[in-house]
Amino acid sequence: MDEHEQPTTYDVHAVQSKWRAVWDELEPFRAGSAAPGPDGQPAEKRYALTMFPYPSGDLHMGHAEVTALHDVIARYWWQKGYDVLNPMGWDSFGLPAENAAFRNDEHPATYTYANIATQLDSFRNYAISFDWSRRFNTSDPEYYRWTQWLFLKFRERGLAYRKNSPVNWCPHDQTVLANEQVVDGRCERCGAEVTKRELTQWYFKITDYAQELLDGLDELEATWPARVVTAQRNWIGRSEGAHVTFEIAGHDPVTVFTTRPDTLYGATFMVVAADAPLAASLVTDEQRPALEAYLDEVRKASDIDRLATDRPKSGVPLGVTATNPVNGEQLPVWASDYVLADYGTGAIMAVPAHDQRDLDFAKAFDLPVRMVVDTGEDDPAATYVATTGDGTYVNSGPLDGLRDKAAGIRTIIERLEADGSGTGTVNFRLRDWLLSRQRYWGCPIPIVHCEKDGEVAVPEDQLPVLLPELRGADLKPQGVSPLAAATDWVEVECPTCGGPATRDSDTMDTFVDSSWYFLRYCSPQYTDGPFDVEAVRQWMPADIYVGGVEHAVLHLLYARFFTKVLRDMGMLDFSEPFAAQLNQGQVINEGKKMSKSLGNGVQLGSQLEEFGVDAVRLTLVFAGPPEDDIDWADVSPGGSLRFLQRAWRLSGDVTSEPGVDVGTGDVALRRVTARTVHDADELLASFRFNVVVARVMELVNATRKAIDSGCGPADPAVREAVEAVAVLLSLVAPYTAEEMWSRLGHEPTVARAGWPSVDPALLVTESVTAVVQVKGKVKARLEVSPDVSAADLEALALTDEAVVRAIEGQQVRRVIVREPNLVNIVV
353 MDEHEQPTTY DVHAVQSKWR AVWDELEPFR AGSAAPGPDG QPAEKRYALT
403 MFPYPSGDLH MGHAEVTALH DVIARYWWQK GYDVLNPMGW DSFGLPAENA
453 AFRNDEHPAT YTYANIATQL DSFRNYAISF DWSRRFNTSD PEYYRWTQWL
503 FLKFRERGLA YRKNSPVNWC PHDQTVLANE QVVDGRCERC GAEVTKRELT
553 QWYFKITDYA QELLDGLDEL EATWPARVVT AQRNWIGRSE GAHVTFEIAG
603 HDPVTVFTTR PDTLYGATFM VVAADAPLAA SLVTDEQRPA LEAYLDEVRK
653 ASDIDRLATD RPKSGVPLGV TATNPVNGEQ LPVWASDYVL ADYGTGAIMA
703 VPAHDQRDLD FAKAFDLPVR MVVDTGEDDP AATYVATTGD GTYVNSGPLD
753 GLRDKAAGIR TIIERLEADG SGTGTVNFRL RDWLLSRQRY WGCPIPIVHC
803 EKDGEVAVPE DQLPVLLPEL RGADLKPQGV SPLAAATDWV EVECPTCGGP
853 ATRDSDTMDT FVDSSWYFLR YCSPQYTDGP FDVEAVRQWM PADIYVGGVE
903 HAVLHLLYAR FFTKVLRDMG MLDFSEPFAA QLNQGQVINE GKKMSKSLGN
953 GVQLGSQLEE FGVDAVRLTL VFAGPPEDDI DWADVSPGGS LRFLQRAWRL
1003 SGDVTSEPGV DVGTGDVALR RVTARTVHDA DELLASFRFN VVVARVMELV
1053 NATRKAIDSG CGPADPAVRE AVEAVAVLLS LVAPYTAEEM WSRLGHEPTV
1103 ARAGWPSVDP ALLVTESVTA VVQVKGKVKA RLEVSPDVSA ADLEALALTD
1153 EAVVRAIEGQ QVRRVIVREP NLVNIVV
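Going by our numbering, the sequence shown opens with residue 353, and the numbers climb by one from there.
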């Protein structure tokens, strides 16, 4: 075929090979490459961020969906003239690599970096507009050097500390888990049932920022998904109440937190978390064997199980009593598993009449029940159904007869504060972030332990603390980190005294790595700190963050915490890292999550081979709103491919030259083009990507109809329409769009062609179609002026012949007018 002769068939894979090579050479998406604006000023910057992947294998349907949706935004911003930072890297530390390396007798880095190479090639083939010059991996020493540096800076500020406490323990992965990593009592990673274990661990003091993390959600409500904001609010869990002090003979006073100090007169016993140190300190010698036997059972249950409302209540008495500060009553003190050691003070005052779990416990052990708020319901002592509503105080001393709960709470707090037995306070559900992990493939904690000097920070000029070379059996979990057995690595000199010391053998939770990576993208080659402060000031906060809702609490909360600490360190001048967020749904099949066991998995590679990259991307974007799940059984990548072929054929039909005066073209087609481009602008801003695709399909059909009905391929309006199709398709189907752009006589790349201009005059609608319904069925369509009044539209509808026939003999009860588009006649 002559080099100037247009191909007659659309070869998907040939087009992909052709343009990938061109893009690899041109690198059109390097941040900082946008042309200055019309005023000569640098282009406005936009930061498009997607949650970076874990390199567990090749890309799957989930990767395909999230990056396709994300790319629509990034490419749209490039077309609008913004300077776009759209980076990608890998969250490359973590358990899967270590477990795979153990099974295959290799180093985790071998597994990890091989998968990264595979994913990198797949991402390039998938044509996402990433700036590959900025990529990095969290397991690169050049990166984790600064993770260690940040840990030490947090420690200097009192935000990293070590303590002994009961922790969540995964017996399969042989490591501790943060509370957020336990889902329904099981390890979020492997699904094993989680138990409790006493260990000395490192924590970040995220609770110091609890109130600010909560307050920050107020400004994010407008731009973050509602379910993410709600999830974070619930996890932080702010509650107002009081700390109340109970005297216990022979022991230090015990303080409990309660949101309802006004119900103190209804307290009939106290409950201490069985696994809290407080229980062990209070128990009498006679009751100690019973407590220890009970603890053996408690340690087998997860926190989720312990808090379940339908779980039978169990416990043991500790053999002591506490004095109720408002009435002097002696309350028996029990130990139970339905109170958690790390909530509040690990102890509660039990008011069984008005708390169902307390009432269930009272029923199980025949403890007193006293109603102190009369809600008009039956007495809980008789029904064993707790009443939790508002009502009139009874059996409550000075509160008797009062109906104002706020006044009741205020009165009791004032009395407690006057007596020195309590104070008003705020409590949070949020616990400090447990970051130690007893595994190898993670960022080493830059601390050495010396008998003389205690915990000693590794000097900054000795960072990074590199991982030793372990592989195979040496990686096997033993209940402690595999690093503990690496004698040559563990045994070091103390940086302070020069004496013998040992390295901390735990590694950091991988969520530490991902809590600041978005800052590193702004200056990935920077060597004088974790990031260039000025570069971050130019790009951050990220304008959009695209990723799964499964990170609503974990990653997003930690990233917000890091941002606030770095701000307080003077390294950032903003408080929230992500200005807006978009969650994508899941790709499912036949109504269910894809899995090997169900046999309903869909391999991304096979879909790309059969239909091509553009058809898969188009299918994922067109399937519905981004947040909705996509059932692959209900969509048609084959149909997407056929549409792309129709669009491609249009580019071969255009015979006018580039730069032709489109003002002389067919007005009707020009109106369709102008309206499509104008509406796409608004739809993209509200993430209605699927509707944009639908409008492009309509424009393709309108253009084909115009060509076939006499407008002709030489009409300038046809070129204008097809060029608009190419630019709009470049957001979703970049290979097809680039091929169309070339066939239209332009140099690459269409991705930087610029958003099509629209003549405002073409947007002025001369008439609109008003639909007239009778009894919910369409009976007429009227061509009316866009500014028709409601009265005139109603009159036109009621005099239309088809409408008159439809309502003949029936009484018109109501006419609903939504000018200029709808008249609904109720008869």
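Quick reminder that beta carbons are idealized off the backbone N, C-alpha and C, glycines included.
Quiz prompt | Integer-rounded CB distance, given that Asp483 should sit under 8 Å from Thr372 | solution = Against the sequence shown, residue 372 aligns to sequence position 20. Against the sequence shown, residue 483 aligns to sequence position 131. At residue 372 the sequence reads Arg, which differs from the Thr that was named. Actually they are not in contact, since the Cβ atoms of Arg372 and Asp483 sit about 16 Å apart, beyond 8 Å.
Practice problem: Compute the distance between the beta-carbons of Pro405 and Asp443, then report whether it is under 8 Å. | Solution: Position 53 of the sequence shown, counted from the start, is the residue given in the question as residue 405. Position 91 of the sequence shown, counted from the start, is the residue given in the question as residue 443. Going by C-beta atoms, Pro405 is nearer than 8 Å to Asp443.
Self-check item: Validate contact between the stretch 880-895 and the stretch 840-848 using beta carbons, cut 8 Å, 3 pairs
Solution: no
Quiz item: So what's Thr547 in DSSP terms, helix, strand or just coil?
Solution: The count along the sequence shown starts at 1 and reaches residue 547 at position 195. Here Thr547 sits in strand by DSSP.
Exercise. Could you tell me the boundaries of the beta strand (DSSP E) in which Leu437 lies?
Key: Position 85 of the sequence shown holds residue 437. First-last of the beta strand (DSSP E) with Leu437: Asp435 to Leu437.
Practice problem: Quick one: using the 10 Å Cβ neighbour count with 16 as the cut-off for buried, is Lys1057 buried or exposed? | Solution: For the purposes of this step, residue 1057 is identified with residue 705 of the sequence shown, where counting begins at 1. Exposed.
Quiz item: Which partner residues does Ile1177 have in the DSSP bridge list?
Solution: For the purposes of this step, residue 1177 is taken as the residue at position 825 of the sequence shown. In the DSSP output, where bridge partners are listed per residue, Ile1177 has Val1126 and Val1167.
Practice problem: Could you give the DSSP three-state label for Trp442: helix, strand or coil? | Solution: For the purposes of this step, residue 442 is identified with residue 90 of the sequence shown, where counting begins at 1. Of the three classes helix, strand and coil, the one that applies to Trp442 here is strand, per DSSP.
Quiz prompt | Straight-line Cα distance separating Phe488 from Phe974 | solution = For the purposes of this step, residue 974 is taken as the residue at position 622 of the sequence shown. For the purposes of this step, residue 488 is taken as the residue at position 136 of the sequence shown. Those two C-alpha atoms are separated by around 32 Å.
Quiz item: When the Cβ atoms of the stretch 1020-1028 are set against those of the stretch 1055-1074, are three or more pairs found closer than 8 Å?
Solution: yes
Quiz item: Straight-line CA distance for Asp354 to His365?
Solution: The residue you call residue 354 lines up with position 2 of the sequence shown. The residue you call residue 365 lines up with position 13 of the sequence shown. Only weak support is given to the placement of Asp354: the predicted model assigns it a pLDDT of 47, under 50, and the value that follows is read from those uncertain coordinates. In a straight line, the C-alpha of Asp354 is about 20 Å away from that of His365.
Exercise. Find out if the Cβ-Cβ distance for the pair Ala619, Ala702 is shorter than 8 Å.
Key: Taking the sequence shown and counting its residues from 1, one reaches residue 619 at position 267. Taking the sequence shown and counting its residues from 1, one reaches residue 702 at position 350. Yes. Within cutoff.
Self-check item: Residues near Arg1133 in its chain [Cβ-Cβ closer than 8 Å; skip 5 each side]
Solution: Numbered from its first residue, the sequence shown carries residue 1133 at position 781. So the list reads Thr1121, Ala1122, Val1123 and Val1124, once near-sequence residues are dropped.
Quiz item: What is the residue span of the beta strand (DSSP E) that Met1092 lies within?
Solution: Counted from its first residue, the sequence shown places residue 1092 at position 740. Unbroken run through Met1092 is the alpha helix (DSSP H), Pro1086 to Arg1095; no beta strand (DSSP E).
Self-check item: Integer-rounded CB distance, given that Arg427 should sit under 8 Å from Ser1082
Solution: Counting from one through the sequence shown, the residue named residue 1082 turns up at place 730. Counting from one through the sequence shown, the residue named residue 427 turns up at place 75. That pair is a contact at about 6 Å.
Quiz item: Ends of the beta strand (DSSP E) at Trp686?
Solution: Along the sequence shown, read from residue 1 onward, the residue named residue 686 stands at position 334. First-last of the beta strand (DSSP E) with Trp686: Gln682 to Ser688.
Quiz item: When you compare each of Thr582, Tyr1087, His412 and Val721 to Asp567 by their alpha carbons, which one comes out closest?
Solution: Translated into positions along the sequence shown, residue 567 becomes position 215. Residue Thr582 is the option with its Cα nearest to Asp567.
Quiz item: Excluding five sequence neighbours on each side, which residues of the same chain lie with their C-beta closer than 7 Å to the C-beta of Thr1016?
Solution: Locating residue 1016 in the sequence shown gives position 664, counting from the first residue. If we look at Thr1016 and ignore the five residues flanking it on each side, its Cβ neighbours are Pro1068.
Quiz item: Taking contact to mean at least 3 C-beta pairs separated by less than 8 Å, is the stretch 801-816 in contact with the stretch 759-773?
Solution: no
Quiz item: By how many angstroms is the C-alpha of Asn1053 removed from the C-alpha of Ser958?
Solution: Here residue 958 refers to the residue found at position 606 when the sequence shown is read from its first residue. Here residue 1053 refers to the residue found at position 701 when the sequence shown is read from its first residue. Using only the alpha carbons, I get a separation of about 30 Å.
Quiz item: Roughly how many angstroms separate the alpha carbons of Thr615 and Ala631, rounded to a whole number?
Solution: Residue mapping note: residue 615 aligns to position 263 of the sequence shown, counting from 1. Residue mapping note: residue 631 aligns to position 279 of the sequence shown, counting from 1. Computed Cα separation, rounded: 24 Å.
Practice problem: Assign Val1156 to buried or exposed, taking buried as 16 or more other Cβ atoms, counted over all protein chains shown, within 10 Å of its Cβ. | Solution: Start at 1 with the first residue of the sequence shown, and residue 1156 comes out as number 804. That one is exposed.
Quiz item: Alpha carbon to alpha carbon, how far is Arg789 from Pro798?
Solution: As a first step, residue 789 is located in the sequence shown; it is residue number 437 there, counting from the start. As a first step, residue 798 is located in the sequence shown; it is residue number 446 there, counting from the start. Distance between the alpha carbons of Arg789 and Pro798 is about 14 Å.
Exercise. Drop a sphere of 10 angstroms on the beta-carbon of Ala1037, count the other beta-carbons inside from all chains shown, and report buried for 16 or more, exposed for fewer.
Key: One-based indexing of the sequence shown puts residue 1037 at position 685. Counting Cβ neighbours within 10 Å, Ala1037 comes out exposed, since fewer than 16 surround it.
Quiz item: What span of residues does the beta strand (DSSP E) with Met701 cover, start to end?
Solution: Residue mapping note: residue 701 aligns to position 349 of the sequence shown, counting from 1. Segment Ala699 to Ala702, the beta strand (DSSP E) holding Met701.
Quiz item: Curious, which full-length beta strand (DSSP E) runs of at least 3 residues does the stretch 747-793 contain?
Solution: 774-780
Quiz item: What's the call for Thr552, buried or exposed, on a 16-neighbour Cβ count within 10 Å?
Solution: Residue mapping note: residue 552 aligns to position 200 of the sequence shown, counting from 1. Classification for Thr552: exposed.
Practice problem: Would you mind working out which of Tyr690, Gly384 and Asn477 sits nearest Asp710, comparing C-alpha positions? | Solution: For the purposes of this step, residue 710 is identified with residue 358 of the sequence shown, where counting begins at 1. Comparing Cα positions, the closest option is Tyr690.
Self-check item: For Met1049, the first and last residue of its enclosing alpha helix (DSSP H)
Solution: On the sequence shown, position 697 is the one that residue 1049 refers to. Met1049 -> alpha helix (DSSP H) spans Phe1041 to Ala1058.
Quiz item: Using the C-alpha atoms, what's the distance from Ser927 back to Phe561?
Solution: Counting from 1 along the sequence shown, the entry for residue 561 is found at position 209. Counting from 1 along the sequence shown, the entry for residue 927 is found at position 575. In the sequence under discussion, the amino acid at residue 561 is Tyr, which differs from the Phe named in the question. Their Cα atoms are separated by approximately 12 Å.
Quiz item: So, is Leu970 buried or exposed, given that buried needs 16 or more other C-beta atoms within 10 angstroms?
Solution: Counted from its first residue, the sequence shown places residue 970 at position 618. With 16 or more other Cβ atoms within 10 Å, it is buried.
Self-check item: C-alpha distance - Trp785 paired with Ala530, whole-angstrom precision
Solution: On the sequence shown, residue 785 is found 433 positions in, with the first residue counted as 1. On the sequence shown, residue 530 is found 178 positions in, with the first residue counted as 1. If you take the alpha carbons of Trp785 and Ala530, they lie about 7 Å apart.
Quiz item: Do Pro1108 and Glu1075 come within 8 Å of each other at the CB atom, strictly closer than that value?
Solution: The sequence position of residue 1075 within the sequence shown is 723, counting from 1. The sequence position of residue 1108 within the sequence shown is 756, counting from 1. Yes; because the gap between Cβ atoms is below 8 Å, this pair is in contact.
Quiz item: Would the beta-carbon of Ala452 fall within 8 Å of that of Tyr465?
Solution: Locating residue 452 in the sequence shown gives position 100, where the first residue counts as 1. Locating residue 465 in the sequence shown gives position 113, where the first residue counts as 1. For Ala452 and Tyr465, no; Cβs fall outside 8 Å.
Quiz item: For Glu355, which of helix, strand or coil comes out of DSSP?
Solution: Along the sequence shown, one-based indexing puts residue 355 at 3. Only weak support is given to the placement of Glu355: the predicted model assigns it a pLDDT of 46, under 50, and the question is left unresolved by the model.
Quiz item: For Arg1095 versus Gly1004, is the C-beta distance shorter than 8 Å?
Solution: Residue mapping note: residue 1095 aligns to position 743 of the sequence shown, counting from 1. Residue mapping note: residue 1004 aligns to position 652 of the sequence shown, counting from 1. In this structure, Gly1004 lies closer than 8 Å to Arg1095 by Cβ.
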